[in-house]
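To keep things clear, I will list the structure first and then write my remarks on it.
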Amino acid sequence: MATIGLGAVLQVQEEGQIRTLPLTPAPITLGRAPDNDLVFASRFVSGHHARIEPLGPGHRILDVGSTNGLLFEGRRVTSHDLCDGDVLRIGDPATGSFVTLTYRNGDVLRTPQANTLAQRYPLDPNDPQITIGRAGCDIVLENPQVSRFHAQIDRTAAGAILRDAGSTNGTFVNGQRLSAAHTLRAGDVIQIGSFKLIYNVQSLDQYDQQGALRIDARNLNRIVARGGQQRTILHDVSLSIAPREFVALVGGSGTGKSTLMKALCGYVPANAGQVLVNGDDFYRNFDAYRTVLGYVPQDDILHRTLPVNRALGYAARLRLPADTAENEIDARITRVLEDVEMSPHRDKMVENLSGGQRKRVSIAAELLADPSLFFLDEPTSGLDPGLEKKMMYTLRRLADSGRTVVLVTHATANITQCDHVVFMAAGRMVYFGPPSEALNFFQVTGGDFADIYTKLEGQADPQNPIVQRDLQAEYQAWSTANPGLKESPSLAELWERKYRASPIYQRYVADRLGQSAPVPVAVPAAAAPSKNRVSPLRQFGILARRYFDLTLQDRRNLLILLLQAPIIALLLLLVARSDALTGAQAVDLLQRGEAKKVLFMLATVSVWFGIINAAREITKELPIFQRERLVNLRIGPYLLSKVAVLSALIVLQTLVMLGLVALKVHFPADTGLFLPPLVETFITLLLTALTGMSLGLVISAASDSGDRAISIVPLALIPQILFAGLIFKIEGLATPLSWLTISRWAMDALGMSVDLNSLCNLPNTDSTGSVPPGCSPGFLDVEASFTHTPAALLGRWAAMLLYSLICIAITAWLLHRRDRQI
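The working numbering runs 10 ahead of the 1-based position in the sequence shown.
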């Protein structure tokens, strides 16, 4: 006979209503048909969906052939032996709705997951070397964050020596990344990806933290300085988020939601307070947890002009260990697309997806590295109510499958899908607990969570109806604590007081924090943050291939850029004379002036090519850059990938423009200093465009949007015209300013190669003492800027190269400043 615990119950949540069904030794049936013991109203539940049978002191649930099945930990199951606290769901992917079944039985307890022993690996004292890695090693840790051969333990006379084997994501001991061999001591904590290995001399004890990461925040404060004044934007927030919980941070604009989330995920740490992950100081050990973090900002983090599978492929190659095989990457992409229900769309262009689908693909990109902590900033922003509900359903499944999920949202229509909700107001946490209890706490009778917003904003005037109705005791307590203070408190401050005195705070904050692991005290001081160890050359190759792919995919923009050169060259041919650079009619054509105009146009257009090609190339992908930078992206390979692809485009543009111009305009045959004048002219124009490109990258890195970058471009181009030395004579203060313009150096170099000083090089007066026709007094003087010597030409080329290097360095500095500016 079955021995069922007397307290066994099934809690059923359907359409916001909660029912409790006592479980007896007799089997019960669940479904939509009226002949079931437990009848559901939701149409996505099958007529006869499941059966619960007794099993010893507990129960087992079985799927009896339903359409939508049973979900446990995000995966469909046909049967499951129930333990206390187990949560199963019946979901409808089409609408994003689900029914939640929670099993309660004190006689069948589940061992807590966080920091529980998963496996013990004995260490043979006679084995000279023990390898650790993803595959083919003595100790196998199957996780995409782990390299195939990640680390090794060598037996020496001095003891067991741990070495990192050049892994991508690093090996950490007691929170510090290994940069050299480490002699292990009993109790050392080795962290590899989401795994913790405790060294106990005779064994390594493995603690798999996947699906078992708990966040405890204590007294978080954030103060910012604006306009010379300090302002607190996060006030003493404490909370605890258990493994696999789905938590929403809600509130009006500017209430501190994003500030709290960034403090919790460590990207913008709080000024004061602590964040613990399974008892570890998260800020101190941020590098050790970097790889288990997933973060989806408001903007898409994939390039829109690529197909989904290719965009995810580049993301995987950048984030996963270098030894990850192509078939492993394909399998990982397939898995994450299944997780977000986007498999049918893998070959579509990202830009052709709906807003909700693009959000799902961005989530899939974060799932590639299998993170255990997942943070999302406004993932439902801009979505219609139906898509928003389906997005929340997807996130609910991700939490169930083993991730701690925290999201920021303004919407409240679907927050009942969350385990807990945080209401923020004026930087204060005024509620943390189950959504079902929030309406009663705020005394909202209409059932609409949006009505809570209206009670949180503004000052707490004694005559305010909200104060009189809901917060009288809190206002009196505040007045007693602040006698004589004329300024009224905010409503947020009074709600915070009320919440902290409530049993909800005691149950979901104080009691939880009291149960959290103690703060470790043996961890050494944190070193400077370090990026994951990746090959710069390999990363450059991946980034260059991706950028080249993006350039080819954006056919409209590429066509515009490629057509610029022939169009401008043809326009120039309409106005330029064929002998403008050779001086065949020097006496009657003011030949040097004609030559200067042709060279000026070539120089100015080359600067234009460089600047306009690069001005938007960084700013248009800033969200992607910032997210990848937080994982393992290096600035050097990133910049060099831009330079390499843009340089190839510039070479093509310069060849086309100069080749077309040379069809009509004759270049001197023998004025070159090193090479034929046409070749030297090509080199000069190429250097000019490359220098312009470097300046364009500075503009792009300094701009927050593509529109702002384009608005800055004229400010960079106009000085190229003014200080080139053609329209105005450069003298006085204009001389040092001209050194800062690219066109000045380009004009000098071009004039040297065609030997401008030899054009119209006639006496100031003829045999009769008059000025020759076509020339003017002073025009015939030799111009020092066109000195026809090899050293002078090399000096101009060197100046442009130096200009480029300085611009690249400034761009790198600007990008470095954006670190953790999410």
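Here a beta-carbon is modelled for each residue, glycine too, at the ideal position from N, C-alpha and C.
Query raised in the report: When the Cα atoms are used, what is the spatial distance from PHE385 to ASP174?
Result: For this step, residue 385 is matched to residue 375 along the sequence shown. For this step, residue 174 is matched to residue 164 along the sequence shown. Rounded to whole angstroms, PHE385 to ASP174 spans 29 Å at the Cα level.
**Report entry** Where ARG828 falls: helix, strand or coil (DSSP)
**Finding:** Locating residue 828 in the sequence shown gives position 818, counting from the first residue. Of the three classes helix, strand and coil, the one that applies to ARG828 here is coil, per DSSP.
Requested in this report: Return the Cβ separation of ILE225 and ASN281 in integer angstroms, given the expectation that the two are a contact with Cβ distance under 8 Å.
Outcome: Numbered from 1 along the sequence shown, position 215 holds the residue referred to as residue 225. Numbered from 1 along the sequence shown, position 271 holds the residue referred to as residue 281. Not a contact, Cβ separation roughly 19 Å.
Requested in this report: Please state whether DSSP places ILE621 in a helix, a strand or coil.
Outcome: Residue numbering aside, residue 621 sits at position 611 when the sequence shown is read from its first letter. Three-state DSSP puts ILE621 in a helix.
Requested in this report: Return yes when the Cβ of LEU736 is within less than 8 Å of the Cβ of GLY652, no when it is not.
Outcome: Here the question's residue 652 lines up with position 642 in the sequence shown. Here the question's residue 736 lines up with position 726 in the sequence shown. In the sequence as presented, Gly is not what sits at residue 652; that position holds Lys. For LYS652 and LEU736, no; Cβs fall outside 8 Å.
Query raised in the report: In whole angstroms, what separates the C-alpha of ARG42 from that of SER411?
Result: Residue mapping note: residue 42 aligns to position 32 of the sequence shown, counting from 1. Residue mapping note: residue 411 aligns to position 401 of the sequence shown, counting from 1. Roughly 26 Å separates the two Cα atoms.
Report task. Classify ARG356 as helix, strand or coil using the three-state DSSP reduction. Result -> For the purposes of this step, residue 356 is taken as residue 346 along the sequence shown, with counting starting at 1. Coil, per DSSP.
Query raised in the report: Which residue or residues does DSSP assign as beta-bridge partners of PRO317?
Result: In the sequence shown, residue 317 corresponds to position 307, counting from 1. Paired residue(s): MET359.
Query raised in the report: What residues match up with ASP174 in a beta bridge as DSSP calls it?
Result: The residue you call residue 174 lines up with position 164 of the sequence shown. According to DSSP, which records beta bridges pairwise, ASP174 is partnered with ALA161.
Requested in this report: Examine the Cβ distances between the region 244-253 and the region 295-313 and report whether three or more of them are shorter than 8 Å.
Outcome: no
Query raised in the report: Helix, strand or coil for TRP823 per DSSP?
Result: Taking the first residue of the sequence shown as 1, we reach residue 823 at position 813. Residue state, collapsed to three classes: helix.
Query - Own chain partners of GLY365 with C-beta closer than 8 Å, once the 5 adjacent residues on each side are dropped - result: Counted from its first residue, the sequence shown places residue 365 at position 355. Result list for GLY365: GLY392, LEU393 and LEU397, in chain order.
Query - Beta-carbon spacing of ARG806, ASP765 below 8 Å - result: The residue labelled residue 806 in the question sits at position 796 within the sequence shown. The residue labelled residue 765 in the question sits at position 755 within the sequence shown. Cβ distance not < 8 Å, so ARG806 and ASP765 don't count as in contact.
Query raised in the report: To the nearest angstrom, how far is it from the Cα of LEU92 to the Cα of ARG29?
Result: Translated into positions along the sequence shown, residue 92 becomes position 82. Translated into positions along the sequence shown, residue 29 becomes position 19. Taking the straight line joining both Cα atoms gives about 18 Å.
Query raised in the report: Skipping 5 residues on each side, what residues in its chain have a beta carbon closer than 8 Å to that of CYS275?
Result: By one-based count along the sequence shown, residue 275 stands at place 265. Cβ neighbours of CYS275 beyond the five flanking positions: LEU303, TYR305, LEU383, PHE385 and VAL416.
Report task. With a 10 Å radius around its C-beta and 16 neighbouring C-beta atoms as the bar for buried, classify ASP137 as buried or exposed. Result -> Against the sequence shown, residue 137 aligns to sequence position 127. So ASP137 counts as exposed.
Report task. Please determine, among LEU747, THR592, GLY669 and PRO444, the residue with the shortest C-alpha to C-alpha distance to GLN23. Result -> Numbered from its first residue, the sequence shown carries residue 23 at position 13. Ranking LEU747, THR592, GLY669 and PRO444 by Cα distance to GLN23 puts PRO444 first.
Requested in this report: Using a Cβ-Cβ cut-off of 8 Å, state whether VAL371 counts as contacting chain B.
Outcome: The structure shown has no chain B; it contains just one protein chain.
Report task. State the start and end residues of the unbroken alpha helix (DSSP H) segment that holds PRO546. Result -> Locating residue 546 in the sequence shown gives position 536, where the first residue counts as 1. It spans 546-563 - the alpha helix (DSSP H) in which PRO546 sits, taken as one unbroken run.
Query - Short Cβ contact (8 Å threshold) for PHE459 with THR422 - result: As a working mapping, residue 459 is identified with position 449 in the sequence shown. As a working mapping, residue 422 is identified with position 412 in the sequence shown. It is a contact, given that the beta carbons lie within the stated cut-off.
Query - When ILE740, ASP829 and GLY646 are compared against ALA819, the one with the closest alpha-carbon - result: Mapped onto the sequence shown, residue 819 falls at position 809. If we check each option's Cα against that of ALA819, GLY646 comes out closest.
**Report entry** Euclidean distance between Cα positions of LEU330 and LEU378
**Finding:** Within the sequence shown, the letter at position 320 stands for residue 330. Within the sequence shown, the letter at position 368 stands for residue 378. Rounded to whole angstroms, LEU330 to LEU378 spans 8 Å at the Cα level.
Report task. Starting from the Cα of PRO389, find the closest Cα among ALA658, ASP134 and VAL260 and give me that residue. Result -> Residue numbering aside, residue 389 sits at position 379 when the sequence shown is read from its first letter. When only C-alpha atoms are compared, the closest one is VAL260.
Requested in this report: Take GLN284 as the anchor and find which of SER250, GLY264 and ARG314 has the nearest alpha-carbon.
Outcome: Locating residue 284 in the sequence shown gives position 274, counting from the first residue. Taking only the C-alpha atoms, the option nearest GLN284 is SER250.
Report task. Go to LEU330, then tell me how far its beta strand (DSSP E) extends in each direction, as first and last residue. Result -> Here the question's residue 330 lines up with position 320 in the sequence shown. Counting along the chain, LEU330 falls outside any beta strand (DSSP E), and DSSP gives it neither H nor E.
Query raised in the report: Which first and last residues belong to the beta strand (DSSP E) in which ILE731 is found?
Result: Within the sequence shown, residue 731 is the residue found at index 721, counting from 1. Here ILE731 belongs to no beta strand (DSSP E); instead the alpha helix (DSSP H) covers 716-732.
Query raised in the report: Can you check whether the CB of LEU803 is closer than 8 Å to the CB of TYR277?
Result: As a working note, residue 277 is residue 267 in the sequence shown. As a working note, residue 803 is residue 793 in the sequence shown. Not in contact: TYR277 and LEU803 (Cβ atoms no closer than 8 Å).
Query raised in the report: When the Cα atoms are used, what is the spatial distance from THR797 to MET762?
Result: Numbered from 1 along the sequence shown, position 787 holds the residue referred to as residue 797. Numbered from 1 along the sequence shown, position 752 holds the residue referred to as residue 762. Straight-line Cα distance between these residues: approximately 6 Å.
**Report entry** Supposed contact pair ALA326 and ILE343 - C-beta distance, whole angstroms, cut 8 Å
**Finding:** As a working mapping, residue 343 is identified with position 333 in the sequence shown. As a working mapping, residue 326 is identified with position 316 in the sequence shown. So it is a contact: roughly 6 Å between Cβ atoms.
Requested in this report: Look at the alpha carbon of THR629 and the alpha carbon of VAL608, and state the distance between them as a whole number of angstroms.
Outcome: Along the sequence shown, one-based indexing puts residue 629 at 619. Along the sequence shown, one-based indexing puts residue 608 at 598. Distance between the alpha carbons of THR629 and VAL608: 34 Å.
Query raised in the report: Measuring CA to CA, which of THR265, ASP380, ARG407 and PRO354 is closest to ALA436?
Result: Taking the first residue of the sequence shown as 1, we reach residue 436 at position 426. Selected option, being the one with the closest Cα: THR265.
Query - When TRP755, ILE140, PHE733 and PRO800 are compared against LEU747, the one with the closest alpha-carbon - result: As a position in the sequence shown, residue 747 is number 737, starting the count at 1. Cα-wise, what sits closest to LEU747 is PHE733.
Query raised in the report: Any idea what DSSP makes of THR301, helix, strand or coil?
Result: Position 291 of the sequence shown holds residue 301. The answer is helix: DSSP assigns THR301 an H, G or I state.
Query raised in the report: Does DSSP classify GLY805 as helix, strand or coil?
Result: Against the sequence shown, residue 805 aligns to sequence position 795. Helix, per DSSP.
Query raised in the report: Taking C-beta to C-beta, are GLY106 and LYS358 nearer than 8 Å?
Result: Here residue 106 refers to the residue found at position 96 of the sequence shown. Here residue 358 refers to the residue found at position 348 of the sequence shown. Cβ distance not < 8 Å, so GLY106 and LYS358 don't count as in contact.
Query raised in the report: Can the beta-carbon of TYR299 be found closer than 8 Å to that of PRO279?
Result: Indexing the sequence shown from 1 puts residue 299 at position 289. Indexing the sequence shown from 1 puts residue 279 at position 269. For TYR299 and PRO279, no; Cβs fall outside 8 Å.
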